[in-house]
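Here is the structure we will look at, set down as structure tokens.
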Amino acid sequence: MAWRAQVKELVTRALLPSGAEGLVNVGKTKSYEASQILCWPDVMYTSEKDPCLQVDVFVPGEAVVPFPRSPTPVLLMLHGGGFKLGSRKLPSIVKFSEMCAETHGITVMSAGYRMGASVSLQEQIADVTKAVCWVRANAASFGGDPDQVFVAGHSAGAFLAMHAGLAFRDGGVRGIIGVSGIYDLENLSSMVPRVGPAYVSRVVGTDAPASRFALANSSRLAAYKERMLLLMPQNELPLLKGDAFAIFNSPRRAKCTLEEIRDCNHWSIITQPATAALTAAFVRNELHAPRKSRR
């Protein structure tokens with residue numbers, strides 16, 4: 001089909017991260033005949049040959065955004081898994097990515113990051129920050145707009161999305177979406193006394209206190225000028241509900257919207273059509289909002 005050839009042509013241009021010539025592998029193209037999505041799996045976003053440091057790219061087809069077309073907004077999606085498990089290949093993450101691309105015309109780049117006992121939280125934040133930089137540099141190669149990049153994450157991925165997104169205060173990240181997120185590890189440690197401290201110690205590592213990563217009172221939260229969207233399931237875990245409200249009610253927060261998704265829980269929220277729809281609506285609203293009106 002004509003749209004496949006046109007999208008394929010987009011990815012024949014410069015896909016290489018800076019200094020990584022010859023290392024990018026776009027893998028086999030997966031065609032979604034019925035839904036008209038094109039997916040390029042396993043695109044490396046660093047020069048390191050680590051399968052975790054890759055993105056799967058979902059490009060909306062012609063039935064969603066007809067050709068010729070303007071560059072589409074881009075969503076960098078981060079999976080959850082408690083910082084030590086999970087994958088961008090999880091069926092729930094793939095479904096969310098497909099919904100955003102097929103139904104809402106957003107180019108989705110679903111990224112992995114290093115995990116395991118030897119990987120610290122600081123290293124994971126660094127991985128995700130590199131992914132944001134790569135998306136900004138390469139969005140146009142997939143028909144995306146590098147000036148319309150948003151970052152989203154589910155559960156632990158929401159935590160990483162917040163920390164990575166807050167690092168871009170120049171408008172490089174147009175908005176942050178947290179889906180049933182963990183936002184305060186210190187709170188987790190104190191509220192689950194039997195296992196929390198040991199778990200948080202493994203996540204954070206030995207070189208930084210958990211309080212360093214608390215977001216609600218973070219000066220970086222106050223400095224971030226773009227908007228945030230927090231999505232929370234109706235049957236949310238009490239600890240995570242408290243985290244979301246702490247961000248929403250923080251005097252330091254950026255402009256923030258909090259939405260509840262009905263009839264779902266922490267695990268099923270990411271597969272709900274309403275989650276993709278609210279994410280897409282947030283993206284569209286931010287792209288049309290006058291930037292001079294933001295604080």
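For the sequence shown, the residue numbers in UniProt numbering are 1 to 295. Each residue gets a CB set at the ideal place from its N, CA and C atoms; glycine is no exception.
Apart from the five residues just before and just after S92, which ones in its own chain have a Cβ nearer than 7 angstroms to its Cβ?
-> The residue labelled residue 92 in the question sits at position 92 within the sequence shown. Same-chain partners within the cutoff: I270 and T271.
Answer yes or no: do V149 and V128 have a C-beta to C-beta separation smaller than 8 angstroms?
-> For the purposes of this step, residue 149 is taken as the residue at position 149 of the sequence shown. For the purposes of this step, residue 128 is taken as the residue at position 128 of the sequence shown. Contact flag unset, no.
Would you list the residues sitting across from D56 in a DSSP beta bridge?
-> Translated into positions along the sequence shown, residue 56 becomes position 56. Per DSSP, S110.
Contacts around A281, its chain only, beta-carbon distance under 8 angstroms, and the 5 residues preceding and following it disregarded = Position 281 of the sequence shown, counted from the start, is the residue given in the question as residue 281. Closer than 8 angstroms at the Cβ level, and outside the excluded window around A281, lies no residue.
If you draw a straight line from the C-alpha of P68 to the C-alpha of I176, how long is it?
-> Along the sequence shown, one-based indexing puts residue 68 at 68. Along the sequence shown, one-based indexing puts residue 176 at 176. Near 29 angstroms, if we compare the C-alpha coordinates of I176 and P68.
Identity of the residue in K49, M44 and P66 nearest V57 by Cα = Residue mapping note: residue 57 aligns to position 57 of the sequence shown, counting from 1. Residue M44 is the option with its Cα nearest to V57.
Can you grab the Cα-Cα spacing for the pair A161 / A63, in whole Å?
-> Locating residue 161 in the sequence shown gives position 161, where the first residue counts as 1. Locating residue 63 in the sequence shown gives position 63, where the first residue counts as 1. Looking at the two C-alpha atoms, the distance is approximately 30 angstroms.
Pick helix, strand or coil for A14, following the three-state DSSP scheme.
-> To locate residue 14, count along the sequence shown from 1; it is residue 14. Low local confidence applies: a pLDDT of 32 at A14 is under 50, so the model's placement there is unreliable, and no value is given.
Looking at the unbroken beta strand (DSSP E) that takes in G178, where does it start and where does it end?
-> Indexing the sequence shown from 1 puts residue 178 at position 178. Per DSSP, G178 is one residue of the beta strand (DSSP E) stretching across G175 to V179.
Helix, strand or coil: which one does DSSP assign to E286?
-> Taking the sequence shown and counting its residues from 1, the one referred to as residue 286 is at position 286. The DSSP-derived three-state label of E286 is helix.
Neighbourhood of A167 by C-beta, 7 angstroms cutoff - its chain only, sequence neighbours within 5 removed | As a position in the sequence shown, residue 167 is number 167, starting the count at 1. Answer for A167: T129, listed in chain order.
Proximal residues to I125 (C-beta, below 7 angstroms), its chain only, five neighbours per side dropped | For the purposes of this step, residue 125 is identified with residue 125 of the sequence shown, where counting begins at 1. Closer than 7 angstroms at Cβ, skipping near neighbours: L160, H163 and A164.
Nearest CA to the CA of G105: which residue from F96, G116 and P73?
-> As a position in the sequence shown, residue 105 is number 105, starting the count at 1. Nearest option by C-alpha distance: P73.
Do you know offhand how far M232's Cα is from A140's?
-> The sequence position of residue 232 within the sequence shown is 232, counting from 1. The sequence position of residue 140 within the sequence shown is 140, counting from 1. Approximately 32 angstroms between the Cα atoms of the pair.
Is it right to say residue 301 is buried, meaning 16 or more other beta carbons lie within 10 angstroms of its own, or is it exposed?
-> The question about residue 301 has no answer, for the chain in this structure spans 1 to 295.
Taking F96 as the reference, which of T279, N285 and V283 has the closest Cα?
-> Mapped onto the sequence shown, residue 96 falls at position 96. Nearest C-alpha to F96: T279.
For D50, which residues of its own chain have a beta-carbon under 8 angstroms away from its beta-carbon, when the five flanking residues on both sides are left out?
-> Residue 50 sits at position 50 when you count from the first residue of the sequence shown. Excluding residues within five positions, the ones whose Cβ falls inside 8 angstroms are R114.
Given L76 as reference, the closest of G116, E123, W134 and A246 once Cα atoms are compared = Sequence index remark: in the sequence shown, residue 76 carries index 76 (1-based). Minimum Cα distance to L76 is reached at W134.
Pairwise C-alpha distance: A137 and L47 = For the purposes of this step, residue 47 is identified with residue 47 of the sequence shown, where counting begins at 1. For the purposes of this step, residue 137 is identified with residue 137 of the sequence shown, where counting begins at 1. Reading the sequence as shown, one finds Ser at residue 47 and not Leu. Approximately 14 angstroms between the Cα atoms of the pair.
Going by beta carbon distance, what residues of the same chain come within less than 6 angstroms of G80, once the five residues before and after it are set aside?
-> Reading the sequence shown from its first residue, position 80 is the one you call residue 80. The residues are G86, H154, S155, A156 and G157.
Beta-carbon separation (whole angstroms), F248 vs C256, contact threshold 8 angstroms | Taking the sequence shown and counting its residues from 1, one reaches residue 248 at position 248. Taking the sequence shown and counting its residues from 1, one reaches residue 256 at position 256. At roughly 5 angstroms, the Cβ-Cβ gap stays under 8 angstroms, so F248 and C256 are in contact.
Considering only residues of the same chain and omitting the five flanking positions on each side of M109, which have a CB-CB separation below 6 angstroms?
-> Your numbering for residue 109 matches position 109 in the sequence shown. Cβ neighbours of M109 beyond the five flanking positions: V55, V57, L76 and V135.
Are N265 and N285 close, meaning C-beta to C-beta below 8 angstroms?
-> Reading the sequence shown from its first residue, position 265 is the one you call residue 265. Reading the sequence shown from its first residue, position 285 is the one you call residue 285. For N265 and N285, no; Cβs fall outside 8 angstroms.
Cβ-based neighbour list, S118, same chain, cut-off 7 angstroms, excluding 5 preceding and 5 following = To locate residue 118, count along the sequence shown from 1; it is residue 118. Contacts found: none.
Could you please give the first and the last residue of the uninterrupted alpha helix (DSSP H) stretch that includes A161?
-> Residue numbering aside, residue 161 sits at position 161 when the sequence shown is read from its first letter. A156 to G165 is the span of the alpha helix (DSSP H), which, as asked, contains A161.
Pull up the distance between the alpha-carbon of Q36 and that of L230, whole angstroms please.
-> Here residue 36 refers to the residue found at position 36 of the sequence shown. Here residue 230 refers to the residue found at position 230 of the sequence shown. Each residue's Cα considered, the two are about 29 angstroms apart.
Near C100, which residues of its chain fall below 7 angstroms by C-beta distance, leaving aside the five closest residues on each side in sequence?
-> As a working note, residue 100 is residue 100 in the sequence shown. L75, I106, V108, A276, T279 and A280, listed in sequence order.
Which one of K225, G144, F142 and I182 has the shortest CA to CA distance from D170?
-> Here residue 170 refers to the residue found at position 170 of the sequence shown. Out of K225, G144, F142 and I182, K225 has the C-alpha closest to the C-alpha of D170.
Does the distance from the C-beta atom of A152 to that of V179 stay below 8 angstroms?
-> Along the sequence shown, read from residue 1 onward, the residue named residue 152 stands at position 152. Along the sequence shown, read from residue 1 onward, the residue named residue 179 stands at position 179. Yes, these two residues count as a Cβ contact at 8 angstroms.
Can you give the Cα-Cα distance for G123 and V283, rounded to whole angstroms?
-> Taking the sequence shown and counting its residues from 1, one reaches residue 123 at position 123. Taking the sequence shown and counting its residues from 1, one reaches residue 283 at position 283. According to the sequence provided, residue 123 is Glu. The question's Gly does not apply to it. So the alpha carbons of these two residues sit roughly 28 angstroms apart.
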